[in-house]
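Visitor:
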Amino acid sequence: MSVESTGAERPSFDLKSAQLPVLSVVLRSTDMQALAQDLARRLADDPDFFDNDPVLIDLSQVREAEEEIDFPALIEALRNHRTVPVAVRSGSEAQMEAAKALGLSAAPDAMPTRRAEPEIHEIIREVEVEVPAPLADAVIVDRPLRSGQRVYAKGTDIVVLDMVSYGAEVIADGNVHVYAPLRGRAVAGASGNTSARIFSTCMEAQLLSIAGIYRTIETDLPKDVAGKAAKVRLEGERIVIEPV
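Remember, our numbering sits 13 above the position in the sequence shown when you count from 1.
Dropping the structure here:
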């Protein structure tokens, strides 16, 4: 959608639709003190992990809670870790009104994604690990990505042929393919595709995210995937990392 002036003079602005990848924080408790402690603990090793990243607050797990949510404390806790709360979704009517009173937008509820039925094939000789091929119009990046750099492939896959350094970020609405060391952040299914995956020939990621579900690498990766070829998929609301 695009709204533009029809006059002869050049308009002072245009209105155009846009998509912005956001981080989803799914609340599982109304205890804001516990939340602040958990955030501090998980990000203790990297206090500058986020860089004013927009955040969507998902209330689906606490919408039936009897205790009221202290939204000012919640917003402050998130801002203290360099994130910017911009919207809420899936809360009760009272929760949504309280959030909107503080300037947060109401986002639509997440639509459930129907998983494709698995196909059964006869295995004759051997089992092969099949890596889905990237889309024909995938975004190709053939240079190293350094800390602070971000590349977003809207509506397609992204293929990176060089190293993604710590602090760099690759984002795609489809799959993420990194044929080099992946040491930064990788975000697949940014527009909500829960079937999206992340692949790397050398898995050393700082953060992995699929369809808003993310996992920070707080401890060493398992030996079967650390520094080796690996794939990442979503299983329910859990990030799964497997060797290729």
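Glycine included, every Cβ here is placed at the ideal spot set by N, Cα and C.
Would you mind reading off the limits of the beta strand (DSSP E) that contains K113?
Guide: Premise fails: K113 lies in the alpha helix (DSSP H), E106 to A114, not in any beta strand (DSSP E).
Visitor: Please state if the CB of L72 and the CB of G40 are separated by a distance shorter than 9 Å.
Guide: The residue you asked about is not Gly; residue 40 is Leu in the sequence shown. A contact, by the Cβ cut-off of 9 Å.
Visitor: Extract the residue ranges of the beta strand (DSSP E) inside the segment 148 to 199, only unbroken runs of 3 or more that lie entirely within it.
Guide: 152 to 154, 163 to 166, 171 to 173, 182 to 185 and 189 to 195
Visitor: If you check the beta carbons only, do N188 and A209 fall under 9 Å apart?
Guide: When the beta-carbon positions are compared, N188 and A209 come within less than 9 Å of each other.
Visitor: Taking 7 Å as the limit between beta carbons, can you name the residues of its chain near G249, skipping five residues before and five after?
Guide: none
Visitor: By alpha-carbon positions, which one of E106, L91 and V35 ends up nearest to P81?
Guide: Before going further, note that residue 81 is Glu rather than Pro in the sequence given. For E81, the closest alpha carbon among the candidates E106, L91 and V35 is that of E106.
Visitor: Does DSSP classify L247 as helix, strand or coil?
Guide: strand
Visitor: Could you check where the beta strand (DSSP E) with R228 kicks off and where it finishes?
Guide: Where R228 is concerned, the enclosing beta strand (DSSP E) starts and stops at I226 to T229.
Visitor: Give the straight-line distance between the Cα atoms of A242 and Y165, rounded to the nearest whole angstrom.
Guide: Taking the straight line joining both Cα atoms gives about 23 Å.
Visitor: Give the secondary structure of A49 by DSSP, where H, G and I count as helix, E and B as strand, and everything else as coil.
Guide: helix
Visitor: What does the alpha-carbon distance come out to for the pair S37 and T207?
Guide: 14 Å
Visitor: Looking at R196: is its Cβ nearer than 9 Å to the Cβ of S178?
Guide: yes
Visitor: Please identify the residue among R159, S213, S160 and G180 whose C-alpha is closest to the C-alpha of I171.
Guide: S213
Visitor: In angstroms, rounded to a whole number, what distance separates the CA positions of T43 and I252?
Guide: 24 Å
Visitor: Helix, strand or coil for E255? Go by DSSP, reduced to three states.
Guide: strand
Visitor: Per the DSSP calculation, T214 is bridged to which residue(s)?
Guide: None, per the DSSP bridge assignment.
Visitor: Are the beta-carbon atoms of V99 and V68 separated by less than 9 Å?
Guide: yes
Visitor: So, helix, strand or coil for P85, using DSSP?
Guide: If DSSP states are grouped into helix, strand and coil, P85 belongs with the helices.
Visitor: Suppose you measure from the CA of I88 to the CA of E22; what does that come to, to the nearest Å?
Guide: 43 Å
Visitor: Going by other Cβ atoms of all chains shown within 10 Å of its Cβ, with 16 needed for buried, is R128 buried or exposed?
Guide: The predicted model places R128 with a pLDDT of 49, which falls under 50 and marks its position as unreliable; any figure quoted below should be read in that light. Answer is exposed; the Cβ neighbour count stays below 16.
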